[in-house]
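Please read the structure below before turning to the comments.
Protein chains: 2
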Amino acid sequence: MVDKLKALAEPNRLEILRLISHEELPAGEIARHFNATRPAISQHLHVLLDAGLIEERREGTRRLYRLRAEGFDEVRSMLKEFWDVRLQALKQKVEQKQRTQRRRHGRK
Amino acid sequence: MVDKLKALAEPNRLEILRLISHEELPAGEIARHFNATRPAISQHLHVLLDAGLIEERREGTRRLYRLRAEGFDEVRSMLKEFWDVRLQALKQKVEQKQRTQRRRHGRK
DNA sequence: TTCTTACGTAAGCAATCACTTACATTTGTG
DNA sequence: CACAAATGTAAGTGATTGCTTACGTAAGAA
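In the order they appear, the protein sequences are chains A and B.
Under this note's numbering, the residue at position 102 of the first sequence is numbered 102, and the numbers go up by one with no gaps.
Under this note's numbering, the residue at position 82 of the second sequence is numbered 1082, and the numbers go up by one with no gaps.
Okay, structure coming up:
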């Protein structure tokens, strides 16, 4: 989980993901979109591969990279959990308040 | 955006977020859940604050922290975008294939 | 086989990160 | 006011990160 987040938390890697989100691209062509050197991009691709956010396919001497959507599921559901837990907490707070108010009315 | 992702990409900070996701907690009580020293946690809280993922409320000498759900929206929608763009790409691919096949049928 | 193309890998380096200890600040209490 | 409690801030340090240059490797072309 943290590996995925760490992989996402870098501007060049985010840009790589955007680049290959709509089409499979070879490493060289990806690198050409950046100011950094080709090895730098190659290393970023490796990080993204390890995190399971992209996948690689070899075709002759080229290596084609594409997004791996399933890789994002874990991150997605983690965020959803934060959202859900918070909503649940708010809900309980409201219900608690309602109970208190009803009790006060009863006493009066 | 990258700030939020970087803030999320650290185990202790993730745990802090989980801790305060259902209840507002003072800094000291948060720190007590960890092996790290209190200053370390204080620094993590600062990172999370800067990223807009949590908010602080002062009460006497204590500082209470709670999740800031809006802070997660940007991350959420970024992930959604990756998902959507990929779906769109897949859709176009299928339609392309269908057109090709129809053409072949026509020629025969 | 030799050369070229498209890559990855290794080593080294400066910047950033997460942590610790020591100190400063703010608020309530006797 | 003096003191205690709760917390942040500063400075220093080892580990990790992202980058570069130099080198290694695998696949197709001559």
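A virtual CB, placed ideally from N, CA and C, is assigned to each residue, including glycine.
Keep in mind it's a predicted model, so treat the numbers as computed, not measured.
Where does A1009 (chain B) land, buried or exposed, given buried means 16+ other C-beta within 10 angstroms? Translated into the one-based positions of the second sequence, residue 1009 (chain B) becomes position 9. A1009 (chain B) is buried by the Cβ-count criterion.
Using the beta-carbon of each residue, which ones in chain A are nearer than 8 Å to F1072 (chain B)? For the purposes of this step, residue 1072 (chain B) is taken as the residue at position 72 of the second sequence. Going along chain A in sequence order, the residues near F1072 (chain B) (Cβ under 8 Å) are L79, F82, W83.
Taking 7 Å as the CB-CB cut-off, is P39 (chain A) touching chain B? Walking along the first sequence from the start, residue 39 (chain A) turns up at place 39. No, no contact with chain B.
Roughly how many whole angstroms lie between the Cα atoms of K1004 (chain B) and M1 (chain A)? Here the question's residue 1004 (chain B) lines up with position 4 in the second sequence. Here the question's residue 1 (chain A) lines up with position 1 in the first sequence. C-alpha separation (whole angstroms): 15 Å.
Checking 7 Å against the spacing of the C-beta atoms, do A51 (chain A) and A7 (chain A) come in under that value? Within the first sequence, numbered from 1, the residue matching residue 51 (chain A) stands at position 51. Within the first sequence, numbered from 1, the residue matching residue 7 (chain A) stands at position 7. It is a contact, given that the beta carbons lie within the stated cut-off.
Can you tell me where the alpha helix (DSSP H) with L17 (chain A) in it begins and where it stops? Counting from one through the first sequence, the residue named residue 17 (chain A) turns up at place 17. That run of the alpha helix (DSSP H) goes 11-19.
Anyone know if the C-beta pair for L64 (chain A) and E24 (chain A) falls short of 7 Å? Translated into the one-based positions of the first sequence, residue 64 (chain A) becomes position 64. Translated into the one-based positions of the first sequence, residue 24 (chain A) becomes position 24. Going by C-beta atoms, L64 (chain A) is nearer than 7 Å to E24 (chain A).
Would you call the CB atoms of I1020 (chain B) and L1067 (chain B) closer than 7 Å? Translated into the one-based positions of the second sequence, residue 1020 (chain B) becomes position 20. Translated into the one-based positions of the second sequence, residue 1067 (chain B) becomes position 67. Closer than 7 Å, so yes.
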